[in-house]
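**Student:**
Protein chains: 2
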Amino acid sequence: MSIDILIEKIKEKKNPTVAGLDPRWEYVPGYIQEAAIAKYGKTNKAVGAALLEFNKGLIDGLCDVVPAVKPQSAYYEMYGLSGLNALAETISYAREKGMYVILDGKRNDIGKTAEAYAGAYLAKVNAGEIEVANELESEGLTVNGYLGTDGIKPFVEACRDFGKIIFVLVKTSNPSSGELQDLLVDGEMICQKMASMVNRWGEGLEGKYGYTPVGAVVGATYPKQLSELRSLMPKSYILVPGYGAQGGGAKDVAGAFDKNGLGAIVNSSRGIMCAYQKGDYKPEDFAKAAYDEAIRMRDDIMQYI
Amino acid sequence: MSIDILIEKIKEKKNPTVAGLDPRWEYVPGYIQEAAIAKYGKTNKAVGAALLEFNKGLIDGLCDVVPAVKPQSAYYEMYGLSGLNALAETISYAREKGMYVILDGKRNDIGKTAEAYAGAYLAKVNAGEIEVANELESEGLTVNGYLGTDGIKPFVEACRDFGKIIFVLVKTSNPSSGELQDLLVDGEMICQKMASMVNRWGEGLEGKYGYTPVGAVVGATYPKQLSELRSLMPKSYILVPGYGAQGGGAKDVAGAFDKNGLGAIVNSSRGIMCAYQKGDYKPEDFAKAAYDEAIRMRDDIMQYI
């Protein structure tokens, strides 16, 4: 199971973190923006080229110390087809460099259509005799479980058949997450109901560390719920957003881990990507700054595990 | 408000339906597949070209009688960048032909990222001085409200500022939708809670027919809930999937409409796209078959309104 590969990469690097690649144009160092505009003019193509150049530098800087990257699909989609092309190239480059790629797309739909999404990101797709080369294939994908079991099953089947993983939104990191996710049903919150569904969806797919390929997203911004959900989903890896820029600290994420220091992977996006804008870095040193911040984050989190 | 434009298109065509464009390769007539392979070989490019050719024919066949199309993003994403290119060209072609385009993407994320998704599909995006040409811009987008208000607000703001619309998943058409959506909170189902949120998100944005740009998705496969949700969301247009191939009939969707025959738009995808596979059509007549089925569906539904 591919969750084992992620765990082994985490163990090997002694680093349970993932670098979010959410490359807004404003994050890209000016000299990269300028070079792209000089080459392609003020066009979408320049934007895509700049994002990709930035991402490649970040991946180069991070690949020896961070096990995984998490590109956020929205930040590529917003720049149109050139953005999506940059996403495809980013995924491919990160995989080449041995990084585990979790695409943050929060996809969801009814069964037939969920199958198409699974095909897009996790499985093989054929069009008649044509084997589709899917440039957006990743190791993992975030998904939204609002539609229930038949909307998730195709993703789980892709996990089983192609050694992939998913992370189901359980308790998200944003301020309004409780509006729906904390509603009480027979004394149990909706996010806890979702946690039970996550358990059920993963049943029988345990890998050698006891974890299934059906993980969960739980935000660092709700540390108490994070600990509770950890114990409710003993076999699910937890992807933890909200560390750093969103306000979650190392202590807040500690509850996501099991007693062996496994069970969670903590994301930082802006903190790592824009590290060069803090301290004494030149823009040209953005990859070094990202590396330094990744090490700082790793050490920060490891002290509590 | 753009919801008024949709309503006027529906009134003009006397047809409250939308044609889903979910072009699986298997749906594409063989002669189009073969021509694409002859031109591009057994490649992604051939797939993209065939999907686009098929869609253009369907749009040509439908644009005089059907007000809107709803491409399902998953069926393009699954064919990689060539699929996404076909999606962009499909959207652009449908808009040229005067059709209202609702992209079915069920996007969702926390505030900052929801803003990026809104930019991708509904708003304008700038990258510094570059005005991004967003090839995937549509008139409407389906979204998932599991994250609560701050995950939806950026979409609502895009509706307000750029004359767009959204449809929030309330009660989906799939068999498992009740697992989460029918759970009872203080005697009220989650889908009803979501309906209240839909009302709140649309507040103050009523157009001239009394409808807001914040609509809802409610499946034809749950006709009783459809009627109830219609009265719970008096100002929201309802996008109704599940007619035809999924089992919903014209009687089942009747409850989605208000007393003036407005308030809902019923989707059919496979039924229209694959109409040529039924009856006495030649594959070359797929557009005519789609037209005939669209008329049949319109008349079928109109008799109950």
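Protein chains in written order, with this note's numbering: chain A, 1 to 305; chain B, 1001 to 1305. Just so it is clear, CB atoms sit at the ideal spot from N, CA and C, and this is done for glycine as well. Predicted model, so just to flag it, every value in this text is computed and none were measured.
Using the Cβ count rule (16 or more neighbours within 10 Å means buried), how would you classify A:N44?
**Tutor:** Its Cβ being crowded by 16 or more others within 10 Å, A:N44 is buried.
**Student:** Can you check the segment 43-116 of chain A for any beta strand (DSSP E) of at least 3 residues that lies completely inside it and give the ranges in chain order?
**Tutor:** The segment 43-116 of chain A contains these whole beta strand (DSSP E) runs: 68-71 and 100-107.
**Student:** Within 7 Å: the Cβ of B:Y1093 and any heavy atom of the ligand FAD?
**Tutor:** This structure does not include the ligand FAD; it has no bound ligands of any sort.
**Student:** Would a C-beta distance cut-off of 8 Å place B:V1143 and B:N1134 closer than the cut-off?
**Tutor:** No, the pair does not count as a contact, with Cβ atoms beyond the cut-off.
**Student:** Checking the sheet assignment: what are the DSSP bridge partners for B:E1131?
**Tutor:** For B:E1131, which the question treats as bridged, DSSP gives the partners B:N1126.
**Student:** List, in chain order, every chain A residue whose beta-carbon is nearer than 8 Å to that of B:W1201.
**Tutor:** Here the premise fails: no neighbours, minimum Cβ distance about 11 Å.
**Student:** Return helix, strand or coil for B:F1257, following the three-state DSSP convention.
**Tutor:** Residue state, collapsed to three classes: coil.
**Student:** With H, G and I counted as helix, E and B as strand and the rest as coil, what does DSSP make of A:Y211?
**Tutor:** The answer is coil: DSSP assigns A:Y211 none of H, G, I, E or B.
**Student:** Go ahead and pull the three-state DSSP assignment for B:I1037.
**Tutor:** Here B:I1037 sits in helix by DSSP.
**Student:** Can you look up B:E1188 in the DSSP assignment and give me helix, strand or coil?
**Tutor:** Strand at B:E1188.
**Student:** Can you tell which of A:D252, A:E228 and A:S176 has the C-alpha that lies nearest to the C-alpha of A:K193?
**Tutor:** Checking every option, the nearest Cα to that of A:K193 belongs to A:E228.
**Student:** Among B:K1224, B:E1157 and B:E1179, which has the Cα closest to the Cα of B:L1205?
**Tutor:** Closest by alpha carbon: B:E1157.
**Student:** Taking buried to mean at least 16 other C-beta atoms within 10 Å of its own C-beta, is A:L184 buried or exposed?
**Tutor:** A:L184 comes out exposed.
**Student:** Take every Cβ of the segment 86-105 of chain A, pair it with every Cβ of the segment 1017-1029 of chain B, and state whether three or more of those distances are shorter than 8 Å.
**Tutor:** Result no; under three Cβ-Cβ pairs closer than 8 Å.
**Student:** Of all Cβ atoms in chain B, is any one closer than 8 Å to the Cβ of A:N108?
**Tutor:** A:N108 counts as touching chain B.
**Student:** Quick check on the burial criterion: 16 or more other C-beta atoms within 10 angstroms. Buried or exposed for B:P1154?
**Tutor:** Buried.
**Student:** On the three-state DSSP scale, how would you describe A:K193?
**Tutor:** A:K193: helix per DSSP, three-state reduction.
**Student:** Which residue's Cα is closest to the Cα of B:A1120: A:G140, A:L81 and A:N85?
**Tutor:** Minimum Cα distance to B:A1120 is reached at A:L81.
**Student:** Can you check which of these residues, A:R160, A:G140 and A:W201, is closest to A:T149 by C-alpha distance?
**Tutor:** Minimum Cα distance to A:T149 is reached at A:W201.
**Student:** CA-CA distance, B:D1234 and A:S92?
**Tutor:** In the sequence as displayed, the identity of residue 1234 of chain B is Pro instead of Asp. So the two alpha carbons sit approximately 48 Å from each other.
**Student:** Could you check where the alpha helix (DSSP H) with A:G271 kicks off and where it finishes?
**Tutor:** Per DSSP, A:G271 belongs to the alpha helix (DSSP H) from R270 to M273.
**Student:** Answer with yes or no whether the minimum CB distance from A:M99 to chain B is below 8 Å.
**Tutor:** It does not; no Cβ of chain B falls within 8 Å.
**Student:** By the 10 Å Cβ neighbour count, where 16 or more other Cβ atoms means buried, how is B:G1145 classified, buried or exposed?
**Tutor:** B:G1145 is buried by the Cβ-count criterion.
**Student:** Would you mind working out which of B:A1294, B:V1218, B:Y1079 and B:G1187 sits nearest B:G1048, comparing C-alpha positions?
**Tutor:** Ranking the options by Cα distance to B:G1048, first place goes to B:Y1079.
**Student:** Under the assumption that B:I1166 contacts B:C1159 (Cβ atoms under 8 Å), give the Cβ distance between them as a whole number of angstroms.
**Tutor:** The pair is a contact, with the Cβ atoms about 6 Å apart (cut-off 8 Å).
**Student:** Does B:I1190 have its Cβ less than 8 Å from a Cβ in chain A?
**Tutor:** Yes, because at least one Cβ of chain A sits closer than 8 Å to the Cβ of B:I1190.
**Student:** Starting from A:T172, find everything on chain B with Cβ-Cβ shorter than 7 Å and list it in chain order.
**Tutor:** Those are I1110 and L1147, listed as they occur along chain B.
**Student:** Got a sec, what are the start and stop residues for the beta strand (DSSP E) A:I166 sits in?
**Tutor:** Note, A:I166: beta strand (DSSP E), I165 to K171.
**Student:** Kindly indicate if chain B contains any beta-carbon less than 8 Å away from that of A:M273.
**Tutor:** Taking Cβ atoms only, chain B never reaches closer than 8 Å to A:M273, which makes this a no.
**Student:** Given a limit of 7 Å on CB to CB distance, which residues of the segment 1113-1129 of chain B reach chain A?
**Tutor:** Per Cβ criterion, the list reads T1113, A1116, Y1117, G1119, A1120, V1125, A1127, G1128 and E1129.
**Student:** Taking the alpha carbon of A:I5 as the point to measure from, which residue in A:G140, A:Y291 and A:P175 has its own alpha carbon closest?
**Tutor:** Taking only the C-alpha atoms, the option nearest A:I5 is A:G140.
**Student:** A:D252: which of A:K282, A:D300 and A:I272 sits nearest, CA to CA?
**Tutor:** Among A:K282, A:D300 and A:I272, the Cα nearest to that of A:D252 is on A:D300.
**Student:** So, helix, strand or coil for A:G151, using DSSP?
**Tutor:** Looking at A:G151 - three-state DSSP - the assignment turns out to be helix.
**Student:** Considering only the alpha carbon of each residue, which of A:G210, A:Q303, A:A46 and A:E293 lies closest to A:L62?
**Tutor:** For A:L62, the nearest C-alpha among the options comes from A:E293.
**Student:** Is the Cβ of A:K193 closer than 8 Å to any Cβ of chain B?
**Tutor:** True, the Cβ-Cβ gap to chain B drops below 8 Å.
**Student:** Give the residues of chain A in contact with B:N1134, contact being defined as C-beta atoms less than 7 Å apart.
**Tutor:** Within chain A, the residues near B:N1134 are G80.
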